[in-house]
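> Going by the working numbering, the sequence shown opens with residue 356, and the numbers climb by one from there.
Note that the Cβ used here is the ideal one computed from N, Cα and C, for glycine as well.
None of these values were measured; they are calculated from a predicted model.
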Amino acid sequence: MVGGSFDALMRQEARKLQGLTAGAGAHINCEPLRADGDKTFAGVVAKEVGAISVLARITDHSEGLVTPALYGIEVDTVTESTVDEPSVFARRITHLRSYLGAYTGAFRVGDVVYLSGRLVHIQGPDAHNSGFGIELTPWSAAESFLANLTR
356 MVGGSFDALM
366 RQEARKLQGL
376 TAGAGAHINC
386 EPLRADGDKT
396 FAGVVAKEVG
406 AISVLARITD
416 HSEGLVTPAL
426 YGIEVDTVTE
436 STVDEPSVFA
446 RRITHLRSYL
456 GAYTGAFRVG
466 DVVYLSGRLV
476 HIQGPDAHNS
486 GFGIELTPWS
496 AAESFLANLT
506 R
């Protein structure tokens, strides 16, 4: 498992809204969606810069409890990158946006996570929605995006 351990994965999974049905043994994984009127991503445009893998600390999880999840992050270490001088971008990466329900509600403030996704330049109507981020999407057959709790 890249970037983590089995115990860390179990902690990450335990935070999610999921369980087994009584008597049937079926696994149910609930991923709360944003309300139709939610304006979190209104007017926000993300342009891909490249791919990047990092170790980062979660600084805000208040918008990470619904899909798409939005987490505040602070990058500690860049482990891989397709962009030149990734350390220049590392200081400016402030968000993780995940369209993958697997990461909804999975992380909390202070968690250190291994992230592998698209480095995107984010432009929004206010400073809170602008800068650089890492985006995890299901819309790629050629790449695998992930976010794993490391400890």
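1. If you follow the alpha helix (DSSP H) that F444 is in, where does it begin and where does it stop?
2. Using the DSSP secondary-structure output, state which residues sit across from V467 in a beta bridge.
3. Consult DSSP for A457 and reduce its assignment to one of helix, strand or coil.
4. Could you give the distance in angstroms between the alpha-carbon of T414 and the alpha-carbon of T449?
5. Near V433, what residues of its chain come up, given a Cβ to Cβ distance below 7 Å and the 5 sequence neighbours on each side ignored?
6. For the candidate residues T505, F361, T395 and P423, whose alpha-carbon lies nearest to that of G337?
7. If you follow the beta strand (DSSP E) that D393 is in, where does it begin and where does it stop?
8. Would you mind working out which of V400, N503 and S499 sits nearest R463, comparing C-alpha positions?
9. Relative to the C-alpha of Y454, which residue among R473, V467, D439 and R447 is closest?
10. Are Q478 and V400 touching if we call contact CB-CB under 9 Å?
11. Classify F361 as helix, strand or coil using the three-state DSSP reduction.
Checking against the coordinates, here is how it stands:
1. Element bounds for F444: P441 to A445.
2. Its beta-bridge partners are R412.
3. Reduced to three states, the DSSP call for A457 is helix.
4. Cα to Cα, T414 sits roughly 9 Å from T449.
5. For V433, the CB contacts under 7 Å within the same chain, skipping 5 residues up- and downstream, are I407, V409, P441, S442 and A445 in chain order.
6. The first residue shown for the chain is 356 and the last is 506, placing residue 337 beyond what the model contains.
7. Where D393 is concerned, there is no enclosing beta strand (DSSP E), given that its DSSP letter is neither H nor E.
8. Just measuring C-alpha positions, the residue of V400, N503 and S499 sitting nearest R463 is N503.
9. For Y454, the closest of R473, V467, D439 and R447 by C-alpha to C-alpha distance is R473.
10. Against a cut-off of 9 Å, the Cβ pair of V400 and Q478 comes out as a contact.
11. It is helical.
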